[in-house]
Amino acid sequence: MLRRILIILLAIFLFIDIVGGAVSYSVARSGPYLPGERFFRAQTNSEQLWLNRLVRAGEPRANSLLDLLERRIDNLEAVLAVEHQSVALAYLDEAFNQAIDAIEAAPEEAQPALRQRLLLLTERTLALLDGLELAEGEMETAVSTLLDKLTTLQTALSSPEDTNIEEIAAIDTDLETLTETEQTDDSEAEGIPTSLDNPLDVPFPEGSVEHNFFPLTAGHDNLKCSSCHTGSTYKGTSPTCVSCHAKDEPHEGQFGPDCAACHSVTVWTAVSFDHSLMGSQDCAACHTPPANHWAGACSACHSDTENFANAVFNHATIGTQDCAGCHTPPANHWAGACSACHSDTSNFANAVFNHATIGGQDCAACHSAPANHYAGACAACHSDTSNFRNAVFNHATIGGTDCAACHSAPANHFAGACSACHQDTGNFKNANFNHATIGGTDCAACHSAPANHFAGACSACHTDTGNFNNANFNHATIGSTDCSACHGAPANHFAGACSACHTDTGNFKNASFNHATIGGTDCSACHSAPANHFAGACSTCHQDTGNFHNASFNHAGLTDCASCHTPPPNHFAGQCSDCHNTDTFSGASFNHTFPTNHEGANNNCETCHPGGNTSSWTCTACHSQEKMDKEHDDENGYNGNNCTQCHPDGREHEDDDDD
C-alpha cells in the first residue's frame, strides 16, 4: 500500500514538473508580462533558466542575450506612462551587462556583427531614455548614471578599434535597490486593477460615474486603469491626449494640443493632416528640406500635399533662364548648351543630339577615337550619327589595295594572298580556301602531318579538301599486302595472320575467329586453362567455340562422383547420388525414411545423429529401452530390438498410450 502511495505521489510530482516546465518555457519564449506586474519576476527567472539550459556558450548565447536585451527595451517603452519605470530600468541595466559579457566571451570572428547589433540597441535605448521625465531624487540620479554608462558604451562600440567593453558592464547604477518598493507596489494597492486581461469586463461600481466622457474604445480598450489614474485618484483625471502622451510627443509643440486633428484612437501612426487648415503658411514652417535641396519655394514643385514625393517642376515658369543656373553638369560633360541635347525638361535622361545642326564639322572635334582605332575619316564607317556602334566599312571604295595595308594576319596564318580565302569583305570569318586553284601540289607543301601519322600520300585518305577530318582509307588499293606492314599488333595478341580474324578493313574491332578453319587442333594450342581447371579435354565441356562461357558437362555413364569431386569437411558419408543430381550439385536433398519432424527433430541432424555420425542411428538413443518395454508390456509379439516392425514410419499408433 505504501509503495502504491509513493508511486502516485511520484507521478503527481512528475506531472507537476512537466506541466510547470512547459508553462515556464512558454512564458520565457513569449514574455507576456511587463515590469511591475505580478508574474514578471517569475518570467525573468524562466528566461534565465531556459537560456542557460538550451543555448550553448559563444555566439548563440550572445545573440540570445541580445534578443533578451531587445525585449527589455520593449518593456521600458510599454511602461513609460505607468509607475513601474524603475523595475523596467533595473532589468534593462542587467540585460545590458549580460549581453556585454556574452559578446566579450564570443569567438573573435563573430564579435564585429554582435558589437554592431549592441550599438544599434544602445542608440535606441539612449533615444528612449532621453524622453523620460523623472522626479528628483534617487531615481533621477540612477537614470543619469545609466545614461552616462550607455553613452560610454556607445562611444566604445563606435570606435574603429576593438575597445574592450567588459569593464563598462561593471558600472553600478544603483537601479536594483530602487526596485524593491516597486515590486511590492502590486496591482492590489489602492484597489486599482493593473493586470486584467480586459479592463472592460469589470463593471464600474454602483453609483459611480460612467466612462462616457472618455470612451474606452479602439486603442484605449486594453489599458490598465493605473495608466491614467495614478495614486488612487479617479476624479479630475484629464481626458486630453497630452495628459498621457506628453512624454512621447515628437512634435515639440508645433501642432498644438488637439491630437485628434491628425490622429485617431484606433492607430496613432496612421496620420491624416489637412494642409488646407494651415492657410498660406509656408512649408518651411513645419518641414525642413533635405541637404542640397533646391532653394526655391516648395510649392513650385510640391503641389500634392498628400505625398511630398509627387514633386513636379514646371520649367516653363522660369522662361529662358539657362539650365546651369540650377543644374551642375557631371564630370567630362559636353561643353555646349544644355538645350542642344536636353529638350525634354521632365526627364534629363531623354537627351538626343542632332548632328545635322553642326554642318560639316569633323567628328574628332567632339569625339576621341579609342585605342588602336582605324586612322581614316570617321564618316568612312560611321554614317549613322544617332548610334556610333552602327559602323560599316565599304571596302569597294578603296579599290585594289591589298588587305595587309590595313589588316595584320594573326600568328601562324596562311602566308598566301588574303583574297585566296577571304572573299567576303563584310565578315573576315567567312573564309573558304579552294584547293582546286593550286592544281596537283602535294598537301605537305602547306600542311604538316601530326605525330605518328600514316606515312603514305595524303590523298590516299583525305579526298575531301573541304574537311580534313573526312578521311577514309581504301584497303583494296594495296592488294594483298599483309596488315603488319602498316599495323602493329597489341601486346599478347594472337600470333596468326590478321586476316584470320579481321575481315572487315573498315573497322578493325569487327574481328571474328572461325575455329572450323583450324581442324582438330586441340584448344590448349592457343588457350591456357585457368588455375584449378578440370584436367580433361576442353571439348568435353566447351562445345561452343564462339563463347567459351557456354560450357556444359555430360555426366552420363561416368564413374562415381568422388573420382572428380572431393566432398567438403564433415560431409555426409553416404553415396553422393543419394542427395545430388548431375544438373547442379547445390540442389541436394535427402529422403529420410522417418519424417524430419519426428518428435520435434525439425531438420536438426544432431538430434538423431550425434557427433556428426550419419551412417547409423538407433531408436533407443532417444527412447529408453526400459521405458519402452514397460509401455509395450501388453502388446502381443512386441520386439524391443526392432521398433520399425510396428513403427515403419516412425509415428506413434493411435491406440498407443499417451505416456
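Numbering (my numbering), first residue to last: 1206 to 1864. Ideal placement from N, C-alpha and C gives every residue a C-beta, glycine not left out.
The straight-line gap separating the alpha-carbon atoms of Asn-1657 and Cys-1691 is approximately 12 Å. Three or more beta-carbon pairs separated by less than 8 Å link the stretch 1538-1548 to the stretch 1557-1566, which places the two stretches in contact.
Linking Thr-1819 to Ser-1729 through their CA atoms gives a straight-line distance of about 43 Å. Residue pairing by DSSP puts Ala-1676 in a beta bridge opposite His-1667. Bounds of the alpha helix (DSSP H) holding Trp-1255 are 1245-1259. It is roughly 39 Å from the alpha-carbon of Cys-1430 to the alpha-carbon of Phe-1218. Measuring C-alpha to C-alpha distances from Asp-1298 to each of Gly-1631, Thr-1350, Asp-1788 identifies Thr-1350 as the nearest. Checking the DSSP bridge columns, you'll see His-1627 partnered with Ala-1636. The continuous alpha helix (DSSP H) containing Arg-1208 extends over residues 1207-1235.
Linking Cys-1531 to Asn-1515 through their CA atoms gives a straight-line distance of about 20 Å.
Contact holds between the stretch 1300-1316 and the stretch 1250-1266, because three or more Cβ pairs, one in each stretch, are under 8 Å apart. The criterion of a C-beta distance shorter than 8 Å is satisfied by Phe-1777 and Cys-1784. For Thr-1812, the enclosing alpha helix (DSSP H) stretches over residues 1810-1813.
Burial of Val-1232 is indicated by the presence of at least 16 other C-beta atoms within 10 angstroms of its C-beta. Ser-1448: member of the alpha helix (DSSP H) spanning 1447-1450, first to last residue. Here His-1707 carries a strand assignment [DSSP, helix/strand/coil]. Cβ-Cβ separation between Arg-1322 and Leu-1358: approximately 13 Å, too far for a contact (criterion under 8 Å).
Phe-1678 and Ala-1641 have their alpha carbons spaced roughly 21 Å apart.
In this structure Cys-1813 is buried. Its beta-carbon is surrounded by 16 or more other beta-carbon atoms within 10 angstroms. Collapsing the DSSP output to three states places His-1747 in a strand. Take Arg-1258, set aside five residues on each side of it, and no residue of its chain has a beta-carbon closer than 7 Å to its own. Collapsing the DSSP output to three states places Ala-1716 in a strand.
When rounded, the separation of the alpha-carbon atoms in Ala-1295 and Arg-1208 is 49 Å. Here Asn-1302 is buried: its Cβ has 16 or more other Cβ atoms, across all protein chains shown, within 10 Å. Contact annotation, Ile-1373 with Lys-1354: C-beta distance approximately 6 Å; criterion of less than 8 Å satisfied.
DSSP places Ile-1370 in no alpha helix (DSSP H); its state is neither H nor E. Rounded to the nearest angstrom, the gap between the Cα atoms of Thr-1327 and Pro-1534 is 42 Å. Residue state for Ala-1700 is assigned as coil, using DSSP reduced to three classes. Here Ala-1622 carries a coil assignment [DSSP, helix/strand/coil].
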